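> Using the numbering used here, read the sequence shown as starting at 394 and increasing by one per residue. From the three backbone atoms N, C-alpha and C, an ideal C-beta is built for every residue, glycine too. Note that the structure is a prediction, hence the values are computed from the model and not measured. Quick one: structure below, then a few questions.
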Amino acid sequence: MMLADCERNLGNDAAHKAALLAAVRINPRRWKVHQRLAELFRADGDSKQAGWHELRAVR
Numbered sequence: 394m395m396l397a398d399c400e401r402n403l404g405n406d407a408a409h410k411a412a413l414l415a416a417v418r419i420n421p422r423r424w425k426v427h428q429r430l431a432e433l434f435r436a437d438g439d440s441k442q443a444g445w446h447e448l449r450a451v452r
């Protein structure tokens, strides 16, 4: 998650998303990461991926 935050702060959108995806591969229970991915996918217009991550963003 720290890497994702750093990439976001540097404006590296693709690296930011890649770091978040890596984080949920390592630990799929990270609901905050799923929540952020859902927001990113929704902003990109990918409602299918956004919905998938929203379902997993449960506390």
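#1: In three-state DSSP terms, what is residue 394?
#2: Going by other Cβ atoms of all chains shown within 10 Å of its Cβ, with 16 needed for buried, is residue 451 buried or exposed?
#3: Quick check on the burial criterion: 16 or more other C-beta atoms within 10 angstroms. Buried or exposed for residue 429?
#4: Roughly how many angstroms lie between the CA atoms of residue 447 and residue 431, to the nearest whole one?
#5: Does the beta-carbon of residue 433 have 16 or more other beta-carbons within 10 angstroms, so that it is buried, or is it exposed?
Working from what's here:
#1: coil
#2: exposed
#3: buried
#4: 6 angstroms
#5: buried
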